[in-house]
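Numbering (the working numbering), first residue to last: 352 to 843. Even for Gly, the Cβ is constructed at its ideal location relative to N, Cα and C.
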Amino acid sequence: MTYILAIDQGTTSSRAILFDADMQRAGTAQHEFTQHFPQEGWVEHDPEEIWDSVLRVCREVMQSVGATPDQIAGIGITNQRETTVVWDKQTGEPIHNAIVWQDRRTADICARYKQAGCEDDVTQQTGLLLDPYFSGTKVKWLLDNVPGARDRAEAGDLLFGTIDSFLIWRLTEGCNHVTDATNAARTLLFDIHKGCWSTEICDLLDVPMSMLPEVQDCASDFGKTTLIGGNIPILGVAGDQQAATIGQACFQPGMMKSTYGTGCFALLNTGPQPVASKNRLLTTIAYQLDGQKTYALEGSIFVAGAAVQWLRDALQIIETAPESGELAQQADPNQHVVLVPAFTGLGAPYWKPDCRGAVFGLTRNSGRAEFAKATLESIAYQTRDLWHAMQGDWGADTDVILRVDGGASASDWAMQGLSDYLGAEVDRPVMQETTALGAAWLAGMRAGIYPDQQQFAETWALDRRFEPKLSANDRDAAYARWQRAVQAAMAF
Numbered sequence: 352m353t354y355i356l357a358i359d360q361g362t363t364s365s366r367a368i369l370f371d372a373d374m375q376r377a378g379t380a381q382h383e384f385t386q387h388f389p390q391e392g393w394v395e396h397d398p399e400e401i402w403d404s405v406l407r408v409c410r411e412v413m414q415s416v417g418a419t420p421d422q423i424a425g426i427g428i429t430n431q432r433e434t435t436v437v438w439d440k441q442t443g444e445p446i447h448n449a450i451v452w453q454d455r456r457t458a459d460i461c462a463r464y465k466q467a468g469c470e471d472d473v474t475q476q477t478g479l480l481l482d483p484y485f486s487g488t489k490v491k492w493l494l495d496n497v498p499g500a501r502d503r504a505e506a507g508d509l510l511f512g513t514i515d516s517f518l519i520w521r522l523t524e525g526c527n528h529v530t531d532a533t534n535a536a537r538t539l540l541f542d543i544h545k546g547c548w549s550t551e552i553c554d555l556l557d558v559p560m561s562m563l564p565e566v567q568d569c570a571s572d573f574g575k576t577t578l579i580g581g582n583i584p585i586l587g588v589a590g591d592q593q594a595a596t597i598g599q600a601c602f603q604p605g606m607m608k609s610t611y612g613t614g615c616f617a618l619l620n621t622g623p624q625p626v627a628s629k630n631r632l633l634t635t636i637a638y639q640l641d642g643q644k645t646y647a648l649e650g651s652i653f654v655a656g657a658a659v660q661w662l663r664d665a666l667q668i669i670e671t672a673p674e675s676g677e678l679a680q681q682a683d684p685n686q687h688v689v690l691v692p693a694f695t696g697l698g699a700p701y702w703k704p705d706c707r708g709a710v711f712g713l714t715r716n717s718g719r720a721e722f723a724k725a726t727l728e729s730i731a732y733q734t735r736d737l738w739h740a741m742q743g744d745w746g747a748d749t750d751v752i753l754r755v756d757g758g759a760s761a762s763d764w765a766m767q768g769l770s771d772y773l774g775a776e777v778d779r780p781v782m783q784e785t786t787a788l789g790a791a792w793l794a795g796m797r798a799g800i801y802p803d804q805q806q807f808a809e810t811w812a813l814d815r816r817f818e819p820k821l822s823a824n825d826r827d828a829a830y831a832r833w834q835r836a837v838q839a840a841m842a843f
């Protein structure tokens, strides 16, 4: 047997999935790790705990399948993007906890740069906005706030990386400080047009360029590891949302995928030319193969599945996430409760980091079912926000194929609601492990055991197509309520 090992290092857990030579899942191991919230709006992870969890799941999945190191043709890595680690170049010891993509501590830094008129230049080069979401201001915060960090960085003693880069550095025992183009494109430091780090932006944010990793294609030689036995090459890397785009075989312009995990992230393939958004979306790199960049428009929603977790953990309305759909079906159809889940601010297309969550339309009869329905509907409404913005940038008359994945996509009720409120068809694939599959395909294609792009795209299989059942009048009335609720939440 020949396998590809996919490492899926996410926001709340690390997973390892073994795919066989036919790209079928042979085994999975998963381990959750601690979320740290030292202050309101701050979110951190312990890089050492992440590292330990990754080694643990790799060894566990190999043991569960009975796979030996010599049977693994390569490793593909996909990761939570933007999350920032700075570590000592000699010892590999992180100087601070990782600052997670959800963290908002650099909002004031971003505001100062905006007030100074810097955002247009940053957007022109990176395709991104000045927002705490991205890595650049997180690196600046670490250098400015960890004692001695700036001096060490300027002396060339510190390295920066997103989670993929940190893992590769550890897996190769300090031999390779590298990343791929998709992760680099999310740092706020990378010129997505020239394909290199921006000296201008690094100077603006006071980030020494000696800290930055080498940027490679998504399918490339990233080094080898002996830490799980053998001498296994790392051959594929992509940020989680780009990996899902690849796993969904969205290789043609006009193809769009929307992943529903902790947040919701929609990417629309725009082909070899970047499209500058007029609607506060992000222009990013979908993937880079053989030195050729394919671009995408991206909309980022910070809270999607996390809102269902809020129902479970904070309100204790449900015991398990799947219960939310069952409960929503019991809601009073005459009530119109609207939840704006801005627990960590609003992402695209609003970009309001200081906005906070709110509930509207409560009556004396509002209860568990109405909260569940409002929570799932908020995912659909936020997706419609992105859908409209993408139509405005890409062309409202252009056909768009929408493919969904992620935990919430397993809910028929939620996906039917998504189709209803978009007024569009929604395709759910048979293979739900699209993020891990994308990373595995990159590595397997590089290793020569998986097919090329076109043949891989032909393996994509439909599980179910959801078609809109809601009338246009009802759809627009519901969306108007959502828009009023968002405006009220932002004004609070």
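Query: When you compare only the Cα positions, how much space is there between L737 and A693?; Result: 15 Å
Query: By DSSP, does Y638 sit in helix, in strand, or in coil?; Result: strand
Query: Which same chain residues end up closer than 8 Å to L406 when comparing Cβ atoms and leaving out the 5 residues on each side of it in sequence?; Result: L578 and I579
Query: Where do the N-terminal and C-terminal ends of the alpha helix (DSSP H) with M741 fall, by residue?; Result: R719 to W745
Query: Could you please give me the residues that DSSP links to Q322 through a beta bridge?; Result: No answer is possible for residue 322: it lies beyond the span of the chain, which begins at 352 and ends at 843.
Query: Determine, using beta carbons only, whether L632 and D744 come nearer to each other than 8 Å.; Result: yes
Query: Does DSSP put A775 in a helix, in a strand, or in coil?; Result: coil
Query: Let me know if K644 comes out buried or exposed under the rule of 16 or more other beta-carbons within 10 Å of its beta-carbon.; Result: buried
Query: Counting only runs of 4+ residues fully inside the segment 451 to 479, write out the alpha helix (DSSP H) ranges in chain order.; Result: 458 to 466 and 470 to 477
Query: Going by DSSP in three states, T860 sits in which element: helix, strand or coil?; Result: Outside the modelled stretch of the chain, which goes from 352 to 843, sits residue 860, for which no answer is possible.
Query: Hey, how far is the Cα of R845 from the Cα of G605?; Result: The structure shown does not extend to residue 845, since the chain is modelled only from 352 to 843, so the question has no answer here.
Query: So for A699, helix, strand or coil by DSSP?; Result: coil
Query: State yes or no: is the C-beta of W452 within less than 8 Å of the C-beta of E444?; Result: no
Query: Count the other CB atoms within 10 Å of the CB of M560; is the residue buried (16 or more) or exposed (fewer)?; Result: exposed
Query: Might you give, ordered along the chain, the residues of its own chain that have their beta carbon closer than 6 Å to the beta carbon of V837, omitting 5 neighbours on each side?; Result: V691
Query: Please confirm if the segment 593 to 610 is in contact with the segment 363 to 374, defined as three or more CB-CB distances below 8 Å between the two stretches.; Result: no
Query: Do you know how far the Cα of R816 is from the Cα of Q780?; Result: Looking at the sequence itself, residue 780 is Pro, so the reference to Gln does not match. Their Cα atoms are separated by approximately 9 Å.
Query: DSSP state of R715, grouped into three classes?; Result: coil
Query: If you run the structure through DSSP and keep just helix, strand and coil, what is A655?; Result: coil
Query: Need the endpoints of the alpha helix (DSSP H) that W833 sits in, please.; Result: A823 to A842
Query: What's the gap between the Cα of T621 and the Cα of M413?; Result: 38 Å
Query: Just list the alpha helix (DSSP H) runs in the segment 582 to 641, keeping only unbroken ones of 4 residues or longer that don't cross its boundaries, in chain order.; Result: 591 to 598
Query: Where do the N-terminal and C-terminal ends of the beta strand (DSSP E) with E674 fall, by residue?; Result: Counting along the chain, E674 falls outside any beta strand (DSSP E), though it belongs to the alpha helix (DSSP H) covering E674 to A679.
Query: Examine the Cβ distances between the segment 668 to 682 and the segment 710 to 725 and report whether three or more of them are shorter than 8 Å.; Result: yes
Query: Within 8 Å, do at least three Cβ pairs link the segment 816 to 827 to the segment 606 to 626?; Result: no
Query: Under 8 Å, do V688 and S717 count as touching if we go by C-beta distance?; Result: yes
Query: Strictly by DSSP, which residues pair up with T435?; Result: I450 and T513
Query: Which residues mark the beginning and the end of the alpha helix (DSSP H) in which I552 is found?; Result: T550 to L556
Query: Helix, strand or coil for C547 per DSSP?; Result: strand
Query: For W702, I'd like the list of residues in its chain whose CB is within less than 7 Å of its CB, leaving aside the five on either flank, ordered along the chain.; Result: L480, D482 and R631
Query: Going by Cα to Cα distance, which pick from A357, M352 and L555 is closest to A790?; Result: A357
Query: Report the residue from D557, A536 and G574 whose alpha carbon sits nearest the alpha carbon of G593.; Result: As written in the sequence, residue 593 is Gln, which differs from the Gly given in the question. Answer by Cα proximity: A536.
Query: When DSSP labels each residue in this structure, what does F807 get in the three-state scheme?; Result: helix
Query: Using the Cα positions of C547 and Q639, report the straight-line distance between them to the nearest angstrom.; Result: 13 Å
Query: Among G361, G427 and Q390, which one has its Cα closest to the Cα of G587?; Result: G427
Query: What's the gap between the Cα of D778 and the Cα of L813?; Result: 7 Å
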